[in-house]
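In what follows, a structure is listed as structure tokens, so that the remarks can point back to it.
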Amino acid sequence: MDELEQYRQRLRIALRAEKICVFEVDGFVCSCSAGAAFYPPDAPDFDALFKKADMALYEAKTSRERVVFYHGGPGDGAPGHTD
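Residue numbering for the sequence shown follows the numbering used here, starting at 383 and increasing by one per position.
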């Protein structure tokens with residue numbers, strides 16, 4: 383397992399912890415979603431990296447997953463990879 387994959391795994395575990403991502407306050411259930419992209423494997427500059435992370439976040443919110451990592455080649459329009 384390479385260093386990037388180890389980081390993804392640690393982040394995935396941390397964000398899936400119930401005490402971090404889901405809690406209840408006054409009868410309302412709150413949760414968090416995260417989208418991530420990595421420099422430089424996913425994008426060559428900040429603007430492209432931000433766009434890829436935003437795409438992954440959108441996928442996380444619409445699929446009701448907590449964590450989605452962008453997965454795809456530059457400019458391919460891949461929506462994200464659910465982990």
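Idealized CB from N, CA, C, for every residue including glycine.
inquiry  = Check whether the stretch 417-429 and the stretch 444-454 are in contact - that is, three or more C-beta pairs closer than 8 Å.
reply    = Yes, the stretch 417-429 is in contact with the stretch 444-454.
Spatially closest choice to E385 from E406, P423, C412, by CA coordinates = Position 3 of the sequence shown holds residue 385. Of E406, P423, C412, the residue nearest in Cα terms is P423.
ask   = When the Cα atoms are used, what is the spatial distance from D465 to E447?
value = Walking along the sequence shown from the start, residue 465 turns up at place 83. Walking along the sequence shown from the start, residue 447 turns up at place 65. Caution applies to D465, whose pLDDT of 48 falls short of 50 and renders its modelled position unreliable; the model cannot decide the point.
key: 6 Å CB neighbourhood of K434 in its chain, flanking five on each side removed   = By 1-based counting over the sequence shown, the position of residue 434 is 52. Hits under 6 Å: A419, D424, A425, Y452.
request  = Grab me the residues of Y421's own chain with a C-beta within less than 6 Å of its C-beta, minus the 5 sequence neighbours each way, in chain order.
outcome  = Taking the first residue of the sequence shown as position 1, residue 421 is located at position 39. The residues are L431.
message = Measuring straight from C-alpha to C-alpha, what distance separates E387 and D408?
response = Position 5 of the sequence shown, counting from 1, holds the residue named residue 387. Position 26 of the sequence shown, counting from 1, holds the residue named residue 408. Their Cα atoms are separated by approximately 38 Å.
task = Note down the Cα distance separating D436 from F410, rounded to an integer number of angstroms.
result = Residue mapping note: residue 436 aligns to position 54 of the sequence shown, counting from 1. Residue mapping note: residue 410 aligns to position 28 of the sequence shown, counting from 1. Straight across, the Cα-Cα distance linking D436 with F410 is about 26 Å.
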